[in-house]
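Peer 1: Please see the structure below; I have some questions.
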Amino acid sequence: MAIRPIDATKIERANFWWRVGSLAPAIIVLALLSIWPVFNLAYLSLSDVKWVSGSAVVDFVGLRNFHELFTGEEVYWAGVRNTIIFAICAVTLQMIFGFTMALAVRRASKIGRSVLTAVVLLPIVIPPIVIGAMWRLLLGRDFGIVNSLLSYLSLPQVDWLGDPRFALMSVVVVDVWHWTPFVFLLTLAGLESLDQEVFEAAKLDVKNRWQELRYVTIPLMMPTILITLAFRMILSFKVFDEVFLLTGGGPGTATEVINFSINRVFFAQDRVGMGSAMSLLTIFGVAALIVVANTVVRRRRKQKDAAA
Amino acid sequence: MNAKRSLSGIGGNVMAWGYALIILGPMLWILSNSFKRQIDILMGTTVAPITLVNYQLIINSRQSHFLWNLWNSAVVAVIATLLVLAIATVAAFTVARLQPPRWVTFILLGWALVFHMLPTLTFVGSWYVMFTQVGLHGTYTALILAQVVQGLPMALFLMIGFVMNIPKELVQAARLDGCTYAQVFRHLIFPLSLGGMAAAGALAFISAWSDFAIALNLSNKDTMTAPVAIATFAQEHQILYGQMAASSMLSMIPALAFIMFGQRFVVRGLLAGAVK
Numbered sequence: 007m008a009i010r011p012i013d014a015t016k017i018e019r020a021n022f023w024w025r026v027g028s029l030a031p032a033i034i035v036l037a038l039l040s041i042w043p044v045f046n047l048a049y050l051s052l053s054d055v056k057w058v059s060g061s062a063v064v065d066f067v068g069l070r071n072f073h074e075l076f077t078g079e080e081v082y083w084a085g086v087r088n089t090i091i092f093a094i095c096a097v098t099l100q101m102i103f104g105f106t107m108a109l110a111v112r113r114a115s116k117i118g119r120s121v122l123t124a125v126v127l128l129p130i131v132i133p134p135i136v137i138g139a140m141w142r143l144l145l146g147r148d149f150g151i152v153n154s155l156l157s158y159l160s161l162p163q164v165d166w167l168g169d170p171r172f173a174l175m176s177v178v179v180v181d182v183w184h185w186t187p188f189v190f191l192l193t194l195a196g197l198e199s200l201d202q203e204v205f206e207a208a209k210l211d212v213k214n215r216w217q218e219l220r221y222v223t224i225p226l227m228m229p230t231i232l233i234t235l236a237f238r239m240i241l242s243f244k245v246f247d248e249v250f251l252l253t254g255g256g257p258g259t260a261t262e263v264i265n266f267s268i269n270r271v272f273f274a275q276d277r278v279g280m281g282s283a284m285s286l287l288t289i290f291g292v293a294a295l296i297v298v299a300n301t302v303v304r305r306r307r308k309q310k311d312a313a314a
Numbered sequence: 004m005n006a007k008r009s010l011s012g013i014g015g016n017v018m019a020w021g022y023a024l025i026i027l028g029p030m031l032w033i034l035s036n037s038f039k040r041q042i043d044i045l046m047g048t049t050v051a052p053i054t055l056v057n058y059q060l061i062i063n064s065r066q067s068h069f070l071w072n073l074w075n076s077a078v079v080a081v082i083a084t085l086l087v088l089a090i091a092t093v094a095a096f097t098v099a100r101l102q103p104p105r106w107v108t109f110i111l112l113g114w115a116l117v118f119h120m121l122p123t124l125t126f127v128g129s130w131y132v133m134f135t136q137v138g139l140h141g142t143y144t145a146l147i148l149a150q151v152v153q154g155l156p157m158a159l160f161l162m163i164g165f166v167m168n169i170p171k172e173l174v175q176a177a178r179l180d181g182c183t184y185a186q187v188f189r190h191l192i193f194p195l196s197l198g199g200m201a202a203a204g205a206l207a208f209i210s211a212w213s214d215f216a217i218a219l220n221l222s223n224k225d226t227m228t229a230p231v232a233i234a235t236f237a238q239e240h241q242i243l244y245g246q247m248a249a250s251s252m253l254s255m256i257p258a259l260a261f262i263m264f265g266q267r268f269v270v271r272g273l274l275a276g277a278v279k
């Protein structure tokens, strides 16, 4: 094969197009299907939309939808309150259980650990709707196995999903079951990556296990804990599927979550304008949370780097 | 001291097996319920005669075509995963190794991060309006496009991380040999990031296969996916618990396959994705 002289400009041109062409699909997909929808929502939220034979007839109504959203629409605000309670309770419990399990299992045998890793993956990888179905069978009032066990122990039966006092807590329990494995895997990986020499060195200074945990393990694990906490907290605003099958937002508004209000207003009630206003408000609320969480995590990291 | 160590080892083992039981318990309960008649479920019978009637009903009855629903899920999830992987991998190479303008990377990754964390349902309404206006509502195309944008951010982060792990020197050496970027990608980056693609692909597939919020509102009777079909069993006048359990079991098959054959990819993806 004859050696061709390398045509530098030709390569330059090919490389330029590669750089543009390789980023273009990602940018186009995100722009068309995630950025444009936000503008679309902004436009729809200022309108009254009616469907006439499959095409939308849009009337401009100004800020009426937002005015209504802030003065009426108590269901949405009940949803906001429930979602925040849900997120705080569920994530706190997940962090405590997940981290405790990771600490305990770190010393378990290799077989125990590898079996557990396979098992804890299950809730993470199966469809969330299945988790809803599963717990509905467990928590059903008349036939659920939880109530059967309670009556076997001659304790009073509880309508876990139908009683407004328990419904939200039942949803929290299901979410804890669902996502504790995730916290467990992350913190276990974090623990295993810690430098064992630090523990050896600290052995001289700590009196007992508790001190080791308090003054060595937890400070070293702080970055992992913080990131996991922020991550889970924000992602739990996505909750929808399990609630859909467990309680359907009821009884009353006991387990109404933000996503439920949006889904109902948009699709069941066909109020596109109001649904868009709700979506937009939620997007900005959660985005603000994301920015705050990101800044906090980053600042902690910087402090740590500066101290090191 | 040694006795203390082994004691805590036993404690750790007990905790590990106990926790495994807490997770497996509900799984086994729904499995056993899928083999029970509706009457046995409603009576709360723990040990009941085994029947296949639920599986027969969901697969072969006038109301339910669950195999078709599974097929729809598979079509949407497979195509969406392939598209996500293709888009994310080429973009990841450029972002990680070819220094695109700072602001492009910043906006792309920043928005991808925010979008990934926003509740899906805040976008479904807008997608619904958009797809209806262009006549795509209820089509595979609409479902696949929504899944692609949904899965793209995570795949992008994962692939950037994996490409970063490929030594810079390799790319430089290939460049000195006169390779264009496209050739570097084809002969170097692509083969070296196959493991990363398996991890990113596993996560993308799982999230597309599991999706409920999007398919609930963007699919129609013909393109209904498995999770939406499962939910319909709970919305009948009388809740069909047995069929709900049986269809749940069938829709868990891919997840079980992943755990058996691709566990390390799933774990790798989960861990890498969360640290970003």
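From first to last, the protein sequence lines are chains A and B. Quick note on our numbering: the first sequence kicks off at 7 and runs consecutively. Quick note on our numbering: the second sequence kicks off at 4 and runs consecutively. Virtual Cβ for every residue (Gly too), placed ideally from N, Cα, C. Small disclaimer: the values here were computed from a predicted structure and weren't measured.
DSSP state of K56(A), grouped into three classes?
Peer 2: Three-state result, K56(A): strand.
Peer 1: Please state whether DSSP places S196(B) in a helix, a strand or coil.
Peer 2: If DSSP states are grouped into helix, strand and coil, S196(B) belongs with coil.
Peer 1: Hey, is K209(A)'s beta-carbon within less than 7 angstroms of any beta-carbon in chain B?
Peer 2: No, K209(A) lies away from the interface with chain B (no Cβ there is under 7 angstroms from its Cβ).
Peer 1: Taking CB distances under 7 angstroms as the criterion, tell me whether S254(B) reaches chain A.
Peer 2: Taking Cβ atoms only, chain A reaches closer than 7 angstroms to S254(B), which makes this a yes.
Peer 1: What does the Cβ neighbour count give for L338(A), buried or exposed, with the cut at 16 atoms within 10 Å?
Peer 2: Residue coverage of chain A in this structure runs from 7 to 314, which leaves residue 338(A) outside it and unanswerable.
Peer 1: Should A195(A) and L274(B) be called a contact, given that it needs their Cβ atoms to be closer than 7 angstroms?
Peer 2: Yes.
Peer 1: Under DSSP, the beta strand (DSSP E) around V263(A) begins and ends at which residues?
Peer 2: Careful: V263(A) lies outside any beta strand (DSSP E) and carries neither H nor E.
Peer 1: Using CA coordinates, which residue listed in F109(B), L124(B), L60(B) and A158(B) is at the minimum distance from V87(B)?
Peer 2: For the residues F109(B), L124(B), L60(B) and A158(B), the minimum Cα distance to V87(B) belongs to A158(B).
Peer 1: Is N36(B) close to chain A? Criterion is C-beta to C-beta, closer than 7 angstroms.
Peer 2: Closer than 7 angstroms to some Cβ of chain A, the Cβ of N36(B) qualifies, so yes.
Peer 1: Determine the burial state of M4(B): buried for a count of at least 16 other Cβ atoms within 10 Å of its Cβ, exposed for fewer.
Peer 2: Caution is warranted here: a pLDDT of 43 is assigned to M4(B), below 50, making its placement in the model unreliable, and the coordinate value is therefore given only provisionally. With fewer than 16 other Cβ atoms within 10 Å, it is exposed.
Peer 1: Distance cutoff 7 angstroms, beta carbons only. Does A283(A) sit that close to anything in chain B?
Peer 2: So, not an interface residue.
Peer 1: Looking at the strands, I want to know which residues DSSP matches up with A168(A).
Peer 2: Before going further, note that residue 168(A) is Gly rather than Ala in the sequence given. DSSP lists no partner for G168(A).
Peer 1: Any beta carbon from chain B within less than 7 angstroms of R113(A)'s own beta carbon?
Peer 2: So yes, R113(A) belongs to the interface.
Peer 1: Shorter than 7 angstroms from the beta carbon of G2(B) to some beta carbon of chain A?
Peer 2: The structure shown does not extend to residue 2(B), since chain B is modelled only from 4 to 279, so the question has no answer here.
Peer 1: Please identify the residue among C182(B), M120(B) and I262(B) whose C-alpha is closest to the C-alpha of I289(A).
Peer 2: Measuring from the Cα of I289(A), the nearest candidate turns out to be M120(B).
Peer 1: With C-beta atoms as the reference, is F69(B) less than 7 angstroms away from I53(B)?
Peer 2: Their beta carbons are not under 7 angstroms apart, which means F69(B) does not touch I53(B) by this criterion.
Peer 1: Does at least one heavy atom of the ligand SAH sit under 6 angstroms from the Cβ of S154(A)?
Peer 2: Among the components modelled here there is no ligand, and therefore nothing to report on the ligand SAH.
Peer 1: Rank G15(B), M263(B) and H240(B) by C-alpha distance to the C-alpha of K116(A) and give the top, closest one.
Peer 2: Of the listed residues, the one whose Cα sits closest to K116(A) is G15(B).
Peer 1: Are the C-beta of T261(A) and some C-beta of chain B separated by less than 7 angstroms?
Peer 2: Chain B, which has no Cβ nearer than 7 angstroms to the Cβ of T261(A), makes this no.
Peer 1: So what does DSSP say about N21(A), is it helix, strand or coil?
Peer 2: N21(A): helix per DSSP, three-state reduction.
Peer 1: Does the separation of the CB atoms of I135(A) and I233(B) fall below 7 angstroms?
Peer 2: Cβ distance < 7 angstroms, so I135(A) and I233(B) count as in contact.
Peer 1: Ends of the beta strand (DSSP E) at S242(A)?
Peer 2: S242(A) -> no beta strand (DSSP E), and no H or E assigned at all.
Peer 1: Exposed or buried, what is I233(A) when buried is set at 16 or more other beta-carbons lying within 10 Å of its beta-carbon?
Peer 2: Looking at its Cβ environment, which holds 16 or more other Cβ atoms inside 10 Å, I233(A) is buried.
Peer 1: In chain A, which residues lie with their C-beta within 9 angstroms of the C-beta of I233(B)?
Peer 2: Those are P133, I135, V136, G138, A139 and L251, listed as they occur along chain A.
Peer 1: Three or more C-beta pairs under 8 angstroms: does that hold for the region 262-270 of chain B against the region 273-293 of chain A?
Peer 2: No: the two stretches stay apart, fewer than three of their Cβ pairs being nearer than 8 angstroms.
Peer 1: Could you tell me the alpha carbon to alpha carbon distance between S51(A) and L155(A), rounded to whole angstroms?
Peer 2: Using only the alpha carbons, I get a separation of about 50 angstroms.
Peer 1: So, at 8 angstroms on beta carbons, what are the nonlocal neighbours of A8(A) in its own chain, with the 5 sequence-adjacent residues on each side left out?
Peer 2: Bear in mind that the predicted position of A8(A) carries a pLDDT of just 48, short of 50, making it unreliable; the figure below should be weighed with that in mind. Nothing listed; no residue qualifies.
Peer 1: Would you mind listing the beta strand (DSSP E) stretches within the region 22-70 of chain B that are 3+ residues and don't spill past its ends, in chain order?
Peer 2: Here no run is fully enclosed.
Peer 1: For R61(B) and A145(B), I'd like the C-alpha separation in whole angstroms.
Peer 2: For the sequence presented, residue 61(B) should be read as Ile rather than Arg. Going from the Cα of I61(B) to the Cα of A145(B) covers about 26 angstroms.
Peer 1: Of the residues M18(B), L243(B) and N168(B), which one's Cα is nearest the Cα of V111(A)?
Peer 2: Comparing Cα-Cα distances from V111(A) to each of M18(B), L243(B) and N168(B), the minimum goes to M18(B).
Peer 1: Looking at the unbroken alpha helix (DSSP H) that takes in V178(A), where does it start and where does it end?
Peer 2: Residues A173 to S199.
Peer 1: Return yes when the Cβ of A96(A) is within less than 7 angstroms of the Cβ of D181(A), no when it is not.
Peer 2: It is a contact, given that the beta carbons lie within the stated cut-off.
Peer 1: Taking the C-alpha atoms as reference points, what is the distance between N265(A) and V204(A)?
Peer 2: When rounded, the distance between both Cα atoms is 46 angstroms.
Peer 1: Threshold first: 4 residues or longer. Then list the alpha helix (DSSP H) segments lying entirely within the region 276-314 of chain A, N to C.
Peer 2: The qualifying runs are 278-313.
Peer 1: How about A8(A): is its C-beta nearer than 7 angstroms to some C-beta of chain B?
Peer 2: A caution first: A8(A) carries a pLDDT of 48, below 50, which makes its placement in the model unreliable, though a value can still be read off. Taking Cβ atoms only, chain B never reaches closer than 7 angstroms to A8(A), which makes this a no.
Peer 1: Determine, for I268(A), whether the minimum Cβ-Cβ distance to residues of chain B falls below 7 angstroms.
Peer 2: Yes, I268(A) lies at the interface with chain B (some Cβ there is under 7 angstroms from its Cβ).
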